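Notes follow the structure.
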Amino acid sequence: MADVATARPPFWRDVRVIRVAAQVGTLIAAGLLLRWLFNNLATNIDEQGIPSPFDIDEWRALANKPAGFAVRDSSFDPESPLWKLILVGIQNTAAVAAVGITIALTLGTMIGVGRLSTNWVVRKLSTLYVETFRNIPVLVIIIFFWQSLFTFGPFPLFNPSNPPGTIKVPGSDSNLIIFSKSRWGFPSIANEANGGTFWIVMLVGLVIAAIVWRWRTAVNENTGAPHRRVLWSIGTLIGIAVVAFFALGGPIRWSFPSVGETGRTIVGGIATNDAYIALTLALGIYTASHIAEIVRGSILAVPKGQNEAANALALTGFQRYRFVVLPQAFRIAIPPIINQFLNLVKNSSLAIAVAYPEITALVKTAIGNGNPATQLIVVLMACYLLFSLFISLVLNIVNRRLQLAGR
Amino acid sequence: MSQDWGYTVAPQDGGGDVMHALAEADQPRHGDTKGPADWAKKNLFNTWYNSIITVVLGAIAVYLAYRLATFLFVTARWEPVRENMELFMVGLFPREERTRLIVQLIMFAGAGGLLIGYIRNRSYRQAAAAGIERSPTSIRELVGVYGALAAFFTIALVIGARTINPWLVALACVAAGIAGFVVTVRDAAIYWRVVIFVPFGIAAGILARVDDLNNGAAYSIAAALTVLLGLVAFVPRPALTLSAGLLVGVLGFQALSGTGGIAWFFLAIGFAPIVVDVIGQLAERSRAQSAEATTSIVGWAGAIVTVAALAWRATVDGFGVATIVLAVLAIAAVVDAVRSVGDTATRIGGFVVAGFLGWLLANFLDLGGIDWSDWSGLHLNIVVAASSIVLAFPIGLLLALGRRSSLPVLRGLSTVYIELIRGVPLISLLLMGQFFIGFFINSDDPLSNVTRATAAVTMFSAAYIAEIVRGGLQSVAKGQTEAGQALGLAPAAITRLLILPQALRAVIPAMVGQFISLFKDTSLLTIIAITEFLGVREIIHSQEDFRGFGIAETLVFVAFGFWAFSFTMSRESQRLERRLGVGQR
Numbered sequence: 004m005a006d007v008a009t010a011r012p013p014f015w016r017d018v019r020v021i022r023v024a025a026q027v028g029t030l031i032a033a034g035l036l037l038r039w040l041f042n043n044l045a046t047n048i049d050e051q052g053i054p055s056p057f058d059i060d061e062w063r064a065l066a067n068k069p070a071g072f073a074v075r076d077s078s079f080d081p082e083s084p085l086w087k088l089i090l091v092g093i094q095n096t097a098a099v100a101a102v103g104i105t106i107a108l109t110l111g112t113m114i115g116v117g118r119l120s121t122n123w124v125v126r127k128l129s130t131l132y133v134e135t136f137r138n139i140p141v142l143v144i145i146i147f148f149w150q151s152l153f154t155f156g157p158f159p160l161f162n163p164s165n166p167p168g169t170i171k172v173p174g175s176d177s178n179l180i181i182f183s184k185s186r187w188g189f190p191s192i193a194n195e196a197n198g199g200t201f202w203i204v205m206l207v208g209l210v211i212a213a214i215v216w217r218w219r220t221a222v223n224e225n226t227g228a229p230h231r232r233v234l235w236s237i238g239t240l241i242g243i244a245v246v247a248f249f250a251l252g253g254p255i256r257w258s259f260p261s262v263g264e265t266g267r268t269i270v271g272g273i274a275t276n277d278a279y280i281a282l283t284l285a286l287g288i289y290t291a292s293h294i295a296e297i298v299r300g301s302i303l304a305v306p307k308g309q310n311e312a313a314n315a316l317a318l319t320g321f322q323r324y325r326f327v328v329l330p331q332a333f334r335i336a337i338p339p340i341i342n343q344f345l346n347l348v349k350n351s352s353l354a355i356a357v358a359y360p361e362i363t364a365l366v367k368t369a370i371g372n373g374n375p376a377t378q379l380i381v382v383l384m385a386c387y388l389l390f391s392l393f394i395s396l397v398l399n400i401v402n403r404r405l406q407l408a409g410r
Numbered sequence: 009m010s011q012d013w014g015y016t017v018a019p020q021d022g023g024g025d026v027m028h029a030l031a032e033a034d035q036p037r038h039g040d041t042k043g044p045a046d047w048a049k050k051n052l053f054n055t056w057y058n059s060i061i062t063v064v065l066g067a068i069a070v071y072l073a074y075r076l077a078t079f080l081f082v083t084a085r086w087e088p089v090r091e092n093m094e095l096f097m098v099g100l101f102p103r104e105e106r107t108r109l110i111v112q113l114i115m116f117a118g119a120g121g122l123l124i125g126y127i128r129n130r131s132y133r134q135a136a137a138a139g140i141e142r143s144p145t146s147i148r149e150l151v152g153v154y155g156a157l158a159a160f161f162t163i164a165l166v167i168g169a170r171t172i173n174p175w176l177v178a179l180a181c182v183a184a185g186i187a188g189f190v191v192t193v194r195d196a197a198i199y200w201r202v203v204i205f206v207p208f209g210i211a212a213g214i215l216a217r218v219d220d221l222n223n224g225a226a227y228s229i230a231a232a233l234t235v236l237l238g239l240v241a242f243v244p245r246p247a248l249t250l251s252a253g254l255l256v257g258v259l260g261f262q263a264l265s266g267t268g269g270i271a272w273f274f275l276a277i278g279f280a281p282i283v284v285d286v287i288g289q290l291a292e293r294s295r296a297q298s299a300e301a302t303t304s305i306v307g308w309a310g311a312i313v314t315v316a317a318l319a320w321r322a323t324v325d326g327f328g329v330a331t332i333v334l335a336v337l338a339i340a341a342v343v344d345a346v347r348s349v350g351d352t353a354t355r356i357g358g359f360v361v362a363g364f365l366g367w368l369l370a371n372f373l374d375l376g377g378i379d380w381s382d383w384s385g386l387h388l389n390i391v392v393a394a395s396s397i398v399l400a401f402p403i404g405l406l407l408a409l410g411r412r413s414s415l416p417v418l419r420g421l422s423t424v425y426i427e428l429i430r431g432v433p434l435i436s437l438l439l440m441g442q443f444f445i446g447f448f449i450n451s452d453d454p455l456s457n458v459t460r461a462t463a464a465v466t467m468f469s470a471a472y473i474a475e476i477v478r479g480g481l482q483s484v485a486k487g488q489t490e491a492g493q494a495l496g497l498a499p500a501a502i503t504r505l506l507i508l509p510q511a512l513r514a515v516i517p518a519m520v521g522q523f524i525s526l527f528k529d530t531s532l533l534t535i536i537a538i539t540e541f542l543g544v545r546e547i548i549h550s551q552e553d554f555r556g557f558g559i560a561e562t563l564v565f566v567a568f569g570f571w572a573f574s575f576t577m578s579r580e581s582q583r584l585e586r587r588l589g590v591g592q593r
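So the protein sequences, as listed, match chains R and V. For the first sequence, counting from 1, position 261 maps to 264 in this note's numbering; every step adds exactly one. For the second sequence, counting from 1, position 478 maps to 486 in this note's numbering; every step adds exactly one.
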């Protein structure tokens, strides 16, 4: 009987052997598969006479090769190397992502809350919005905005004989908005002398405001006095801004857009184009419909008991939302909303359809100009991976900070 | 801690709780109704700011609705849509071969009817076994779910049909669907069961008129279907019904596509349910006979069949992929037959027989067709979405299991694949497919654009399906695994028998959601110059008559088409979720 305890199973039934064998087997199989694929790739690329992706010198040559084409509404020089082109693309993708995410988050939160409103009209309109935009492909929405607003839209042309439309700042001669079928201008903030110093001071002011925030929180915790930390911090920041502005002798000013002398460009302010507006608006509106569902679901996912407890404490409806429901819903909502942000960034690659020069469109044009596809698409994918990793890293840190302790 | 408070935080990736909350909130609620004035006071004017919101938003909504209505019914010029309805639906499919599409439609409708009826029948029987009354589906519920799709097709017919023929096709499809449903849903009287032959007879008759398909093949299909449906009608076994439904669908697909070389594979899949069923019974019987652990006769038979198939393949085409696969199977079968009761040998033998049957049938019918690089329009969207999800599911399942594996190498490889794919946009994969996926494969004839796109979409959705399945695997309680271990089951058996059935049931709604987004994503194929539903617009607006004319109208129609499909599927998935009671057990 003692044999039973000491007897080892035959090696093909021994868990330890199986574990090692399975892993080694998988590695070999995966290695063979990859070898086969890459061998094919190497042979085929060799046959076609395309620069090999396995040669570091070819990569270097590719990176420094002149791009050979201009980028729309950009100061990019066609003689600049390809790596600069990629940087322009990344910059444009970031511009879409930043504004698109802002639109999506704002609109999505409003509509998500609207779906839970006690007002029948608000509820139904929010539902209509969500059910419409969630079920239409984002590409269709992008093309719709682009074509119906701009290509066949109501706006005037932009050339010397057909000047664009303008909206003036009330009581002055400068343009608030320049609008046309192809180019739009918005006001922006421009630096005068001491501009750099002003922004550094503002950065310090931000730190001071954060310290004030902490101080008011501490006061509230120690004495029970109302903290009013939002008012305090914003007040501090505005105070610093006003003092710095006058002390530095007006370091910044508004820059309003105006039509350039050739009648084909916008001078001053921020100039964008139709493709950017259509793309950003469409992505924001599409993603908002998904975020709205997440917001609604998160609010509903806060258990009933929490609401009942708040009612038992005689909190008002606003207090119940502000102090009980929303803080918990917010925590539930963060991970899926991060996913939506990532989706928005990835969907910005559809700019190809409206000829907005973000990274995918530029890479595709570069490939069309006879550059090797393999390397460029690998670079493209790497850029998106880095973008995704960056966003999820930042937001995961936020998420970890905000989750309740003990989870 | 969190458990004590009774609430949980959504898992990192999925937001499962969010979905659950949404599913609950979407259930119909019954408010107390006291009269319209009371209702208006409560829902529209309960506070002063709500009154303002109601009035302002209401005015805006009415104005927008008015503008929309004027656009749709007065100012819109629907001629581009009206003239090109066929182009939207099937694109550039060769005009003289379009009878094939009619057959396919009728067959799919019939197959769908058979399968839905079968599922319904099973749930009736389960309800009866559990002693509960199964609530019948109300008309209102059906309209809520399928109304959008029905509206789309009706509008398409009303706008686009210039002759009576499209209406007749639609009628035949509805008839085939209803007939298939009627045959399987209830143990109905015999004269009802004859009904199903009518639409399929019509389908076979139409097929006989297809030019390049020999009449023999058409009549063989008709005969095979008749025999099959006769069997289904008179021998009500679920596996038979499933097989029949699948075969009808596969034949419908095969009658069209140009994948002649692998027709046998599709057909073998069609045979799979009945093979599994028969093997299960055989294995049961053999186990009952041989009380002590000796190999049963069917086990030996399975091993012998496999070895015979190996010998045959080896003599026919020497050393190839099929021979290697068969050799592995044969060794496994023989080892199993020698060492144990022989269940595995029985199964392997059964599948070998199914493959052989499929091969025979494919050779006999000699199915050729229109290569699917010629397919386009809405038809292509549906086919690409469906085939990618079918192809991606097994890959995704393996990836999910790999990611949950305790073996670091498997886990690492799966994780890298999943995260890599999920981190890049689909369009970059499509570009990869367009520009250099062909380089990876040493093939003499280049893959068609559609095939490469389907490969890219499959790679893409496999990663997402893997994450969905992983969510399902995580949702199965740990006690299930421990119970399996207590019973002395092997790890593989625990996964296969205990974990997977529960996990997969839990993820059905999420899978539908993935299918919806996949279907919407097929619109991206237009970017790589495939004329799917959205891309058809480019053809239309390059026509002489419609250059720069009716741009918004065609786009609205396309958007409505995508919307109708996606909306219907999302409603259906909500209904499924309620039915399955996901998260409630």
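For glycine and all other residues, C-beta sits at the position ideal for the given N, C-alpha and C. Computed from a prediction, not measured in an experiment: that's the story for all the values here.
query: At least one CB of chain V closer than 8 Å to the CB of residue 4 of chain R: is that the case?
result: With a pLDDT of 46 at residue 4 of chain R, under the threshold of 50, the modelled position of this residue cannot be trusted; read the value that follows with caution. Cβ-Cβ to chain V under 8 Å: no for residue 4 of chain R.
- prompt: Any idea which residues DSSP pairs residue 168 of chain R with across the strands?
  reply: As computed with DSSP, residue 168 of chain R is found in a beta bridge with R/182.
message: Taking 8 Å as the threshold (beta carbon to beta carbon), is residue 326 of chain R in contact with chain V?
response: Not closer than 8 Å to any Cβ of chain V, the Cβ of residue 326 of chain R fails to qualify, so no.
- prompt: So, does the CB of residue 349 of chain R fall closer than 8 Å to a CB anywhere in chain V?
  reply: So, interface residue.
message: If distances are taken between C-alpha atoms only, which option among R/300, R/324, R/298, R/295 comes closest to residue 309 of chain R?
response: When only C-alpha atoms are compared, the closest one is R/324.
- prompt: Of the residues R/198, R/195, R/51, R/177, which one's Cα is nearest the Cα of residue 188 of chain R?
  reply: The shortest C-alpha to C-alpha distance from residue 188 of chain R to any of R/198, R/195, R/51, R/177 is the one to R/177.
- request: Under 8 Å Cβ to Cβ from residue 94 of chain R, same chain only, skipping five residues before and after it: list those, please.
  value: In its own chain, leaving out the 5 sequence neighbours on each side, no residue places its CB closer than 8 Å to the CB of residue 94 of chain R.
- request: Measure the Cβ-Cβ separation of residue 524 of chain V and residue 577 of chain V and say whether it is below 8 Å.
  value: In this structure, residue 524 of chain V sits near residue 577 of chain V, with a CB-CB distance shorter than 8 Å.
query: Whose CA, out of V/583, V/585, V/572, lies closest to the CA of residue 140 of chain R?
result: Of V/583, V/585, V/572, the residue nearest in Cα terms is V/572.
query: At a CB-CB cut-off below 9 Å, which residues of chain R make contact with residue 76 of chain V?
result: Result: empty, since nearest Cβ-Cβ is about 11 Å, beyond 9 Å.
query: Which residues, in order along the segment 433 to 451 of chain V, keep a beta-carbon less than 8 Å from a beta-carbon of chain R?
result: So the list reads 433, 434, 435, 436, 439, 440, 443, 444, 446, 447, 448, 449, 450, given in the order they occur along the chain.
query: So, is the C-beta of residue 575 of chain V closer than 8 Å to a C-beta in chain R?
result: With 8 Å as the cut-off, residue 575 of chain V counts as an interface residue toward chain R.
message: According to DSSP, residue 411 of chain R sits in a beta bridge with which residue or residues?
response: Because chain R is modelled from 4 through 410, residue 411 of chain R falls outside the range shown and cannot be assessed.
query: At a CB-CB cut-off below 9 Å, which residues of chain R make contact with residue 560 of chain V?
result: Near residue 560 of chain V (Cβ distances below 9 Å), the residues of chain R are 147, 150, 151, 155.
Residue-level contact to chain V via CB, residue 367 of chain R, 8 Å cutoff: It does: the Cβ of residue 367 of chain R has a partner Cβ on chain V nearer than 8 Å.
message: One question on the structure: do residue 184 of chain V and residue 110 of chain V come within less than 8 Å of each other, judged by their Cβ atoms?
response: No, the pair does not count as a contact, with Cβ atoms beyond the cut-off.
query: First and last residue of the alpha helix (DSSP H) that includes residue 184 of chain V?
result: That run of the alpha helix (DSSP H) goes 173 to 193.
field: the segment 119 to 145 of chain R: positions lying closer than 9 Å to chain V by Cβ
entry: The residues in question are 119, 120, 121, 122, 123, 124, 125, 126, 127, 128, 131, 134, 135, 137, 138, 139, 140, 141, 142, 143, 144.
task: Would you tell me roughly how many angstroms separate the C-alpha atoms of residue 180 of chain R and residue 68 of chain V, rounded to the nearest one?
output: Straight-line Cα distance between these residues: approximately 25 Å.
query: According to DSSP, what are the bridge partners of residue 191 of chain R?
result: Residue 191 of chain R is bridged by DSSP to R/258.
- prompt: Starting from residue 273 of chain R and walking both ways along the beta strand (DSSP E), at which residues does that stretch end?
  reply: Unbroken beta strand (DSSP E) run through residue 273 of chain R: 273 to 276.
- prompt: What do you get for residue 44 of chain V, buried or exposed, if any count of 16 or more other CB atoms within 10 angstroms of its CB means buried?
  reply: Counting other Cβ atoms within 10 Å of its Cβ, residue 44 of chain V stays below 16 and is therefore classed as exposed.
message: In the DSSP output, which residue or residues are listed as bridge partners for residue 269 of chain R?
response: As a beta-bridge residue in DSSP terms, residue 269 of chain R pairs with R/262.
field: Minimum Cβ-Cβ distance from residue 391 of chain R to chain V less than 8 Å
entry: True, the Cβ-Cβ gap to chain V drops below 8 Å.
query: Exposed or buried, what is residue 478 of chain V when buried is set at 16 or more other beta-carbons lying within 10 Å of its beta-carbon?
result: When all chains shown are included, residue 478 of chain V counts as buried.
query: Smallest Cα separation from residue 121 of chain R: which of V/47, V/434, V/352, V/291?
result: Looking at the Cα atoms, V/47 is the closest of the given residues.
field: Residues of the segment 60 to 89 of chain V with Cβ closer than 8 Å to any Cβ of chain R, in chain order
entry: Across the segment 60 to 89 of chain V, CB contacts with chain R closer than 8 Å involve 61, 62, 65, 66, 69, in sequence order along the chain.
task: Report back the beta-carbon spacing between residue 212 of chain R and residue 240 of chain R to the nearest angstrom; my notes put them in contact at under 8 Å.
output: About 5 Å separates the beta carbons of residue 212 of chain R and residue 240 of chain R, which is inside the 8 Å limit, making them a contact pair.
task: In angstroms with no decimal places, state the Cα-to-Cα distance between residue 89 of chain V and residue 232 of chain R.
output: Straight through space, the alpha carbons of residue 232 of chain R and residue 89 of chain V are spaced by roughly 59 Å.
task: Report the option in R/396, R/369, R/395 whose CA atom is closest to the CA atom of residue 92 of chain R.
output: R/369 is the residue among R/396, R/369, R/395 whose C-alpha sits nearest the C-alpha of residue 92 of chain R.
- request: Starting from residue 433 of chain V, follow its DSSP beta bridges and name the residues at the other end.
  value: The partner list for residue 433 of chain V (beta bridge, DSSP) is empty, contrary to what the question assumes.
- prompt: Could you check where the alpha helix (DSSP H) with residue 154 of chain V kicks off and where it finishes?
  reply: First-last of the alpha helix (DSSP H) with residue 154 of chain V: 147 to 168.
- prompt: For residue 178 of chain V, which residues from the same chain have a beta carbon less than 8 Å from its beta carbon, with the 5 sequence-adjacent residues on both sides left out?
  reply: Non-local C-beta neighbours of residue 178 of chain V in its own chain, meaning closer than 8 Å and more than five positions away in sequence, comprise 161, 165, ordered along the chain.
query: Can you tell me whether residue 13 of chain R is buried or exposed, with buried defined as 16 or more other CB within 10 angstroms of its CB?
result: Exposed.
query: From what residue to what residue does the alpha helix (DSSP H) around residue 342 of chain R run?
result: Note, residue 342 of chain R: alpha helix (DSSP H), 329 to 350.
- prompt: Does any CB atom of chain R fall closer than 8 Å to the CB of residue 58 of chain V?
  reply: The Cβ of residue 58 of chain V sits closer than 8 Å to at least one Cβ of chain R.
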